[in-house]
Structures are given as C-alpha cells and as structure tokens.
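**Student:**
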Amino acid sequence: MALTKKEWLALEKKADELRNLCLDTTFWAGSGHIGGGMSCMDMLTILYHKYLNIKADDPNWADRDRFILSKGHSGIAYAPVLCDFGYNDKEQLKTFNLTNSKMGIHLDSNKVVGVDASTGSLGHGLSIALGTGLAARVLGKDYKTYCILGDGECDEGSNWEAAMSIAAFKATNVITFVDRNKCMIDGRTEDVMPLEPFADKWRAFGFHVIEVDGQNLNELSEAIDYALGEPDAPVMIIADTIKGAGIDFMEDDYHWHYGAIDEEKYKLAKESLKKYYAQRVARAEKEGK
Amino acid sequence: MAGGLSYTALEATDLSTAEIYGQTLVELGAEHKEIVGLSADLAGSTKIGAFGKAYPDRFFNVGIAEQNMFGIAAGMAKAGLVPFVSTFSTFASLRSADQIHTDICYQNINVKTIATHSGTSFGQAGSTHHAICDMAVMRSLPNMTLICPADGVETAAAVQAAYDNFGPYYIRINRGFDRVLYGKDYPREYKFEVGKAIEVNPGTDITVIACGSCVFQAYQAAKFLEEADGLKVRVLDMHTIKPLDKEAVLKAVMDTRRIITVEDHSVIGGLGSAVAEVMAEAGKGCAFTRLGLQDKFAPIGLHEDIMSMLGIDCNGIVNAVREAMNKDFEEDDNWDDDV
Chain Y
350 MALTKKEWLA
360 LEKKADELRN
370 LCLDTTFWAG
380 SGHIGGGMSC
390 MDMLTILYHK
400 YLNIKADDPN
410 WADRDRFILS
420 KGHSGIAYAP
430 VLCDFGYNDK
440 EQLKTFNLTN
450 SKMGIHLDSN
460 KVVGVDASTG
470 SLGHGLSIAL
480 GTGLAARVLG
490 KDYKTYCILG
500 DGECDEGSNW
510 EAAMSIAAFK
520 ATNVITFVDR
530 NKCMIDGRTE
540 DVMPLEPFAD
550 KWRAFGFHVI
560 EVDGQNLNEL
570 SEAIDYALGE
580 PDAPVMIIAD
590 TIKGAGIDFM
600 EDDYHWHYGA
610 IDEEKYKLAK
620 ESLKKYYAQR
630 VARAEKEGK
Chain U
8 MAGGLSYTAL
18 EATDLSTAEI
28 YGQTLVELGA
38 EHKEIVGLSA
48 DLAGSTKIGA
58 FGKAYPDRFF
68 NVGIAEQNMF
78 GIAAGMAKAG
88 LVPFVSTFST
98 FASLRSADQI
108 HTDICYQNIN
118 VKTIATHSGT
128 SFGQAGSTHH
138 AICDMAVMRS
148 LPNMTLICPA
158 DGVETAAAVQ
168 AAYDNFGPYY
178 IRINRGFDRV
188 LYGKDYPREY
198 KFEVGKAIEV
208 NPGTDITVIA
218 CGSCVFQAYQ
228 AAKFLEEADG
238 LKVRVLDMHT
248 IKPLDKEAVL
258 KAVMDTRRII
268 TVEDHSVIGG
278 LGSAVAEVMA
288 EAGKGCAFTR
298 LGLQDKFAPI
308 GLHEDIMSML
318 GIDCNGIVNA
328 VREAMNKDFE
338 EDDNWDDDV
C-alpha cells in the first residue's frame with residue numbers, strides 16, 4: 350500500500366531533519382562516512398518512523414522488531430536516528446568520534462542504546478539478523494528483523510552463506526535491504542569487483558528481489574509492505590541509491606565514502622540539503638495520493 | 008560447580024569425550040528450553056547431533072559455513088537464547104575468528120563454543136585439521152573463558168559450568184576417547200570450579216602443569232617417577248586457561264621452583280605462555296620447560312603416536328622432569344628481594 354500524501358510529507362520532513370543531523374554530526378566530528386550515511390538515510394527514516402515496532406521508553410523490549418545495520422560504517426547516519434528517536438541524548442552527537450565518546454564510527458551495542466548488534470567488520474550483519482529471526486521462531490515471537498547491507502559489503506562471502514541459509518530456513522521474518530549506491534572505498538563497485546547481475550544473484554539464492562529507488566520513500570514503503578505480507582520466500586529490497594544523496598558536491602562520488610567537512614563545505618552542504626528537500630517535497634506533492 | 012554431572016565413571020569410560028558432551032547437552036536442553044544447538048555439517052562428528060535428535064526444533068545445521076554459524080549464534084544470543092555451537096577447533100578458532108571476536112566477545116554475549124578435534128587429536132587428518140593455535144586465539148579475546156578439560160568427566164562439568172555462567176565460553180575437547188582421569192580409580196574427591204586448578208597429585212620437587220589429555224599423561228608420569236626416582240611431582244590440571252589460576256602457579260613456583268607445562272597445542276600462546284606470563288610478572292625466576300608443539304606443524308598419525316613424538320605423553324614428561332631436576336637452579340628461600 351502506498352504512503353498517503355500526508356504520511357509521505359511527514360516522512361520527508363523527518364528524513365530532511367535526519368540528513369541535516371547527519372551532516373551536523375560529520376561537521377562536529379570533523380569528518381566521517383557521510384556518503385554512505387546519506388544514501389541509506391531514507392531507509393533508516395522509514396524503518397524508524399513507520400515500520401519498526403519499538404518503544405522509545407523501553408529499548409530492550411523483548412518483543413521489539415530488530416534492526417541490524419550490517420554496513421556498520423554508516424554509524425554517522427544511524428547515531429542521529431537513534432538520538433532523534435529518543436534512545437540517546439542528542440548532545441552525544443557532538444562527541445561523535447572524540448576520545449572517550451560512547452559513539453565511534455561503528456556503533457557499539459553495549460554503549461549506544463537501541464543498537465541491536467555491534468557491526469563494522471563487513472559481512473556479519475545478515476547472519477546476526479538470521480539469528481534473531483530464528484530466535485523469534487524458537488521463542489514463538491512474531492517480531493521482524495530488518496537488515497541493511499552495503500553493496501560493496503556483498504563482496505564478502507559470508508553474506509552468501511547467510512543468504513543461502515535464510516532461504517533454506519525460510520526465514521521470511523528477516524527483511525533485507527542493500528544500499529546499492531554503487532560506490533566503495535577504492536572506486537565504483539563495478540570497477541573494483543563487479544556485482545552485476547546483482548538482483549539475479551539474490552534470486553538464484555532463493556530471494557524474492559524487489560528493486561526500488563532507494564531515495565523514494567513511497568517505493569520503499571511499497572516494498573516493505575510486500576515483505577510483511579507473508580511472502581513465500583525471503584525478500585531482498587535492492588535500494589538503488591546515490592552516495593551522498595542530497596549534497597550536490599558529494600553525490601555519486603566514491604571519494605565521499607569518508608570525507609572531511611570544514612566550515613565552508615558545511616555551508617554549501619546545508620544549502621544543498623535545503624534545495625534537495627524542496628525537490629523531494631515537490632515530488633511527494635505531485636505523486637502522493 | 009559440578010552440578011548436573013550425571014556420568015558415572017563406568018559410563019564415562021564407555022563414551023568418547025564428545026559423546027559425553029552431547030549427552031550432557033541433551034540433559035541441559037531438557038531443563039532449559041532457551042538452549043539451542045548449531046552445527047556446520049559436523050553434527051555427527053562433534054556429537055551435538057544428539058541434541059539435534061532430541062530437540063529438532065532447537066537445532067540448526069547451517070551447512071559448511073562456520074562464519075555464518077557463529078553470526079547466527081550471536082543473533083540468537085542477542086534475542087535471549089543460549090546457543091551451543093560445535094565444530095572442529097581449528098575451524099572455530101580460525102575460519103570464524105572474526106565472528107567470535109566481534110559478534111560474540113566484543114558484544115559479550117552468551118554463546119558457548121564447544122570445539123572438538125582439538126590439538127592433534129584428529130592426527131591422521133593432518134595439519135589442516137589439527138588445532139595448534141586455538142588457545143592462543145581464544146585466550147587473547149576479551150570476555151572469553153577458555154577451558155581445556157582433561158577427560159569426559161571434566162568435559163561434562165565444564166559444559167555445565169558454561170551454561171551456569173553468563174558470557175562467551177570456548178571449551179576445547181578431543182576427538183575420540185580420552186583416557187579417564189577422574190574415574191573410579193581417582194583417589195581424591197573431584198570438584199570442578201572455573202578458574203581453579205586441580206591438584207591431581209601432590210608434590211614438592213617439581214610441578215607439571217597440564218591441560219587436556221596431557222593431564223592424564225602427567226599423572227601417570229608422576230606415579231612412575233615417584234616409584235622409580237623417588238620424586239614428588241606435583242601435577243596441576245589447569246583446565247581453565249583463562250582466567251588462569253595465578254595463585255596455583257605462583258604457589259607451585261614457591262613450593263617447587265621447577266615447572267613444566269604440557270599441552271597439545273603450540274607452546275606459543277597457550278598454557279605454557281600463560282604460565283610464563285604469570286611467573287614473569289611476579290618477578291619469580293624458575294626452572295621452566297614448555298612441552299607442546301615447538302613452533303612446528305605436527306606430523307600425520309595416530310594421536311597417541313603424535314603425543315609421543317611431541318614428548319607430551321608419559322615418557323616425554325618423565326624425560327623432561329628428569330632433565331629439569333638436573334638443572335642447576337639456585338634454590339634461595341628468600342625470594343622477597345628477587346624482583
């Protein structure tokens with residue numbers, strides 16, 4: 350089911366706030382993995398503000414939905430989401446990456462409230478997500494587990510071990526995304542280690558693959574609704590995204606996997622985000638129902 | 008901590024160490040529904056298959072994919088289950104080291120690894136299947152408790168302790184049958200406590216600190232040396248490699264001034280290293296020999312033959328003790344100013 354226009358616009362507003370908070374955090378830290386943070390911010394926004402069945406005042410609620418950020422280096426996007434949600438004090442973002450901060454590049458589940466798994470070493474998250482998914486089955490619980498993978502991360506063979514077993518165990522309570530921003534540290538994914546035909550690979554591993562515009566909240570919503578509708582195979586949502594989405598001088602440039610933000614760049618980025626938000630609102634106004 | 012030990016000495020001699028583990032886990036699983044089992048196509052070999060047969064809904068065979076297995080176990084533990092994970096020691100400690108490091112130890116969660124075919128116990132399989140550095144890897148991981156039981160009886164106690172205590176555990180056991188140390192002929196009361204060495208044989212001339220199947224060999228050597236040489240050899244079963252019983256090590260240094268460590272593992276990073284660290288940090292010098300793999304891969308062969316070739320069997324220990332007794336080592340009673 351598509352988002353209502355009202356819902357869509359409300360989510361656009363939240364996504365804009367969170368993109369700004371991610372940029373602010375990068376500025377306060379001096380640098381960060383902002384490119385991949387921006388590309389997955391729409392996924393994080395729609396999960397935390399529409400789909401995840403979680404309680405801000407009870408982060409360890411046993412029946413809560415789980416979320417595993419397998420591309421752990423997007424902590425600079427995830428931390429703002431968790432602070433904004435109410436799990437952690439927003440002031441903590443000003444300490445991001447500083448000595449003795451609770452928040453470093455890769456968020457620690459024992460230090461940052463709301464993090465379901467410490468990730469950072471790539472290729473781990475999907476197995477952990479399957480673990481929480483199978484635990485729901487053993488414990489007779491109906492919570493869901495959502496997992497976001499990076500596309501470059503899919504070079505790690507362990508993902509494919511996990512994929513094979515998610516299909517074998519018919520773990521349809523695990524809903525997986527790939528942030529397909531087509532960039533990794535050393536270059537574009539197709540130049541460093543080609544992933545295509547990417548969707549076919551997931552299909553061959555037994556997934557129902559949905560390819561969406563990962564910067565379109567309505568398309569993301571429709572894909573998640575499908576995954577929640579008791580499909581007969583686990584669902585992989587390949588979100589076609591833009592690295593650095595919303596910040597024009599970063600967009601689709603792999604050099605912005607990790608970058609430094611000075612005062613001047615910060616101002617330019619803020620202006621760009623403003624324009625980007627206006628475009629996004631215009632689209633929602635036009636296409637929303 | 009010996010609670011749950013339902014194996015009589017007779018039963019223990021009839022079962023391989025891994026079979027005792029499997030049966031212990033089945034018993035634990037009957038009472039504790041949050042226990043789940045995971046295997047990577049080694050359910051039969053590691054004997055966790057017994058748990059799978061008893062509780063198919065709580066058992067997951069992930070195929071030959073150890074990294075995935077430990078990641079799944081981490082997710083399960085995060086959701087409140089108590090996963091027992093079994094594969095061969097070499098695969099657990101090397102193939103999935105990153106998952107154990109990051110997903111389990113870093114998060115300090117309740118995953119129990121019962122790793123079989125440790126040391127050179129799968130001798131004929133060659134070095135691809137010998138676990139000669141698993142203790143070195145596991146010992147260096149924060150939050151990990153590392154146990155190397157002497158026999159099946161101790162394995163049952165260790166598995167029970169792993170359930171009773173929260174946190175990551177790595178228990179390394181052998182393939183096949185171990186000589187039973189804590190059977191009906193064992194002259195003392197047996198009591199297992201994590202982090203507490205067991206004095207298997209009292210002695211004042213020299214101390215042999217051993218783990219795993221080497222403890223039985225050390226005990227045999229001590230009995231022989233008492234008869235043949237009139238030596239009083241203290242034998243410590245250092246079943247817990249981490250946290251190490253530092254007190255027992257230092258007491259042995261003070262009482263006997265001669266220490267030999269014995270392990271079916273590289274002498275680098277395992278029991279011998281752990282004991283050496285304690286002595287060095289205490290500033291206590293001592294005649295000291297580490298028996299084990301001397302920075303080499305082991306030959307192919309039967310386990311008992313390899314143990315003999317490495318000098319970690321009864322004869323090897325006897326020779327090492329005699330050599331150590333001949334070492335000219337200053338025996339000064341006043342150690343307080345030695346540091």
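As they're listed, the protein sequences go chains Y and U. Sequence positions in the first sequence follow this note's numbering and run 350 to 638. Sequence positions in the second sequence follow this note's numbering and run 8 to 346. Cβ atoms here follow ideal geometry from the backbone N, Cα and C, with glycine treated the same way.
1) Give me whichever residues DSSP pairs with S128/U in a beta bridge.
2) Tell me, please, which residues DSSP counts as bridged to R632/Y.
3) Considering only the beta carbon of each residue, do S388/Y and D528/Y sit closer than 7 Å?
4) Looking only at its chain, what residues have a beta carbon closer than 6 Å to the beta carbon of G210/U, apart from the 5 residues adjacent to it on each side?
5) Mind listing the chain U neighbours of E510/Y? Cutoff is C-beta to C-beta under 7 Å, in chain order.
6) Indicate the three-state DSSP secondary structure (helix, strand or coil) for F416/Y in the structure shown.
7) Rounded to whole angstroms, what's the CA-CA distance from A359/Y to V461/Y? Just pull it up for me.
8) Going along the chain, which residues of the segment 163–178 of chain U sit with their C-beta nearer than 9 Å to a C-beta in chain Y?
9) In angstroms with no decimal places, state the Cα-to-Cα distance between K493/Y and N522/Y.
10) Who are the near neighbours of Y197/U in its chain, counting only those whose CB is closer than 6 Å to its CB and skipping five residues on each side?
11) Using C-beta distances below 6 Å, list every residue in its chain close to D504/Y, excluding the 5 sequence neighbours before and after it, in chain order.
12) I'd like the list of long-range same chain contacts for V325/U, defined as Cβ closer than 7 Å, with 5 residues on each side in sequence excluded.
13) Taking 7 Å as the limit between beta carbons, can you name the residues of its chain near F77/U, skipping five residues before and five after?
14) Based on the DSSP secondary-structure assignment, which residues constitute the bridge partners of G136/U?
15) Give the interface partners of H398/Y over in chain U, defined as CB-CB distance under 9 Å, in chain order.
16) Would you kindly work out how many angstroms separate the C-alpha atoms of L479/Y and N402/Y, rounded to a whole number?
17) Whole angstroms is fine: what's the gap from Y603/Y's alpha carbon to L49/U's?
18) How would you label A86/U, buried or exposed, when you count the other beta carbons within 10 angstroms and need 16 or more for buried?
19) Determine which residues share a DSSP beta bridge with S273/U and list them.
20) Can you tell me where the alpha helix (DSSP H) holding M387/Y begins and where it ends?
21) Just the C-alpha distance for G10/U and A164/U, rounded to the nearest angstrom, thanks.
22) When you compare the CB positions of F58/U and G36/U, do they come within less than 7 Å of one another, or not?
23) How would you list, in chain order, the residues of chain U whose beta-carbon sits under 8 Å from the beta-carbon of T481/Y?
24) Assign E579/Y to buried or exposed, taking buried as 16 or more other Cβ atoms, counted over all protein chains shown, within 10 Å of its Cβ.
25) How would you label Q628/Y, buried or exposed, when you count the other beta carbons within 10 angstroms and need 16 or more for buried?
26) Quick one: which chain U residues come within Cβ less than 9 Å of T459/Y?
27) On the DSSP letters alone, give me the boundaries of the beta strand (DSSP E) that N249/U sits inside.
28) Identify which residue in T590/Y, F434/Y, K616/Y, T375/Y has its Cα closest to the Cα of H398/Y.
29) Which residue comes first and which comes last in the alpha helix (DSSP H) that contains S220/U?
30) Quick one: does I477/Y have its CB under 7 Å from some CB of chain U?
31) Strictly under 7 Å for the Cβ-Cβ distance: is D105/U near chain Y by that measure?
32) Please look up how many angstroms separate the CB atoms of H455/Y and G469/Y, rounded, as I've assumed it's under 8 Å.
33) Anyone know if the C-beta pair for T296/U and A259/U falls short of 7 Å?
34) Any beta carbon of chain U sitting closer than 7 Å to that of H324/Y?
35) So, for L1/U: in the same chain, excluding its five sequence neighbours on each side, which residues have a beta-carbon less than 8 Å away from its beta-carbon?
36) Can you list, in chain order, the residues of its chain with a C-beta nearer than 7 Å to that of R537/Y? Leave out the 5 residues immediately preceding and following it.
**Tutor:** According to the data block:
1) Against the second sequence, residue 128/U aligns to sequence position 121. Beta-bridge pairing links S128/U to no other residue.
2) Taking the first residue of the first sequence as position 1, residue 632/Y is located at position 283. DSSP, once it has assigned bridges, lists no residue as partnering R632/Y.
3) Working through the first sequence from its first residue, we reach residue 388/Y at position 39. Working through the first sequence from its first residue, we reach residue 528/Y at position 179. Yes; because the gap between Cβ atoms is below 7 Å, this pair is in contact.
4) Position 203 of the second sequence, counting from 1, holds the residue named residue 210/U. Excluding sequence neighbours, G210/U sits near K239, V240, R241.
5) On the first sequence, residue 510/Y is found 161 positions in, with the first residue counted as 1. Correct list: A72, Q74, N75.
6) Locating residue 416/Y in the first sequence gives position 67, counting from the first residue. If DSSP states are grouped into helix, strand and coil, F416/Y belongs with the strands.
7) Here residue 359/Y is taken as the residue at index 10 of the first sequence, counted from 1. Here residue 461/Y is taken as the residue at index 112 of the first sequence, counted from 1. Looking at the two C-alpha atoms, the distance is approximately 26 Å.
8) Within the segment 163–178 of chain U, no residue has its Cβ closer than 9 Å to any Cβ of chain Y.
9) Stepping through the first sequence from its first residue, residue 493/Y is reached at position 144. Stepping through the first sequence from its first residue, residue 522/Y is reached at position 173. CA-CA distance, K493/Y to N522/Y, rounds to 5 Å.
10) To locate residue 197/U, count along the second sequence from 1; it is residue 190. Counting only Cβ-Cβ distances below 6 Å, and skipping sequence neighbours, we find Y189.
11) Taking the first residue of the first sequence as 1, we reach residue 504/Y at position 155. If we look at D504/Y and ignore the five residues flanking it on each side, its Cβ neighbours are M542.
12) In the second sequence, the residue the question calls residue 325/U occupies position 318. Excluding residues within five positions, the ones whose Cβ falls inside 7 Å are A228, F231, L232.
13) Numbered from 1 along the second sequence, position 70 holds the residue referred to as residue 77/U. Cβ neighbours of F77/U beyond the five flanking positions: V92, S103, Q106, I107, D110, I111.
14) The residue you call residue 136/U lines up with position 129 of the second sequence. According to the sequence as given, residue 136/U is His; it is not Gly. Bridge partners of H136/U according to DSSP: none are assigned.
15) Mapped onto the first sequence, residue 398/Y falls at position 49. Simply none; closest approach about 23 Å.
16) Residue 479/Y sits at position 130 when you count from the first residue of the first sequence. Residue 402/Y sits at position 53 when you count from the first residue of the first sequence. Each residue's Cα considered, the two are about 18 Å apart.
17) In the first sequence, residue 603/Y corresponds to position 254, counting from 1. In the second sequence, residue 49/U corresponds to position 42, counting from 1. Looking at the two C-alpha atoms, the distance is approximately 42 Å.
18) In the second sequence, counting from the first residue as 1, residue 86/U sits at position 79. By the 10 Å Cβ count, A86/U comes out buried.
19) Translated into positions along the second sequence, residue 273/U becomes position 266. S273/U pairs with L300/U.
20) Residue numbering aside, residue 387/Y sits at position 38 when the first sequence is read from its first letter. It spans 383–388 - the alpha helix (DSSP H) in which M387/Y sits, taken as one unbroken run.
21) As a working mapping, residue 10/U is identified with position 3 in the second sequence. As a working mapping, residue 164/U is identified with position 157 in the second sequence. Low per-residue confidence applies at G10/U: pLDDT is 46, beneath 50, and the placement is therefore not dependable, though the value from the model is reported in the following sentence. Looking at the two C-alpha atoms, the distance is approximately 7 Å.
22) If you number the second sequence from 1, residue 58/U lands on position 51. If you number the second sequence from 1, residue 36/U lands on position 29. Note that the C-beta distance between F58/U and G36/U is below 7 Å.
23) Within the first sequence, numbered from 1, the residue matching residue 481/Y stands at position 132. Within 8 Å Cβ-Cβ: G82, M83, K85, A86.
24) For this step, residue 579/Y is matched to residue 230 along the first sequence. Classification for E579/Y: exposed.
25) Taking the first sequence and counting its residues from 1, the one referred to as residue 628/Y is at position 279. Per the 10 Å Cβ criterion, exposed.
26) Numbered from its first residue, the first sequence carries residue 459/Y at position 110. Position check: residue 459/Y holds Asn in this sequence, whereas Thr was assumed. Per Cβ cutoff of 9 Å: Y113, Q114, N115.
27) What you label residue 249/U is simply residue 242 of the second sequence in a count that begins at 1. Checking the displayed sequence, the identity of residue 249/U turns out to be Lys instead of Asn. K249/U -> beta strand (DSSP E) spans 247–249.
28) Taking the first sequence and counting its residues from 1, one reaches residue 398/Y at position 49. Closest option to H398/Y, Cα to Cα, is F434/Y.
29) In the second sequence, the residue the question calls residue 220/U occupies position 213. S220/U -> no alpha helix (DSSP H), and no H or E assigned at all.
30) Within the first sequence, residue 477/Y is the residue found at index 128, counting from 1. Judged by the 7 Å Cβ criterion, I477/Y is in contact with chain U.
31) Translated into positions along the second sequence, residue 105/U becomes position 98. Chain Y contact via Cβ: present.
32) Counted from its first residue, the first sequence places residue 455/Y at position 106. Counted from its first residue, the first sequence places residue 469/Y at position 120. At roughly 3 Å, the Cβ-Cβ gap stays under 8 Å, so H455/Y and G469/Y are in contact.
33) Counting from 1 along the second sequence, the entry for residue 296/U is found at position 289. Counting from 1 along the second sequence, the entry for residue 259/U is found at position 252. Result no, Cβ atoms of T296/U and A259/U do not sit closer than 7 Å.
34) Since the first residue of chain Y shown is 350 and the last is 638, residue 324/Y is not available in this structure.
35) Outside the shown range of chain U (8 to 346) lies residue 1/U, about which nothing can therefore be said.
36) For the purposes of this step, residue 537/Y is taken as the residue at position 188 of the first sequence. K531, Y603, listed in sequence order.
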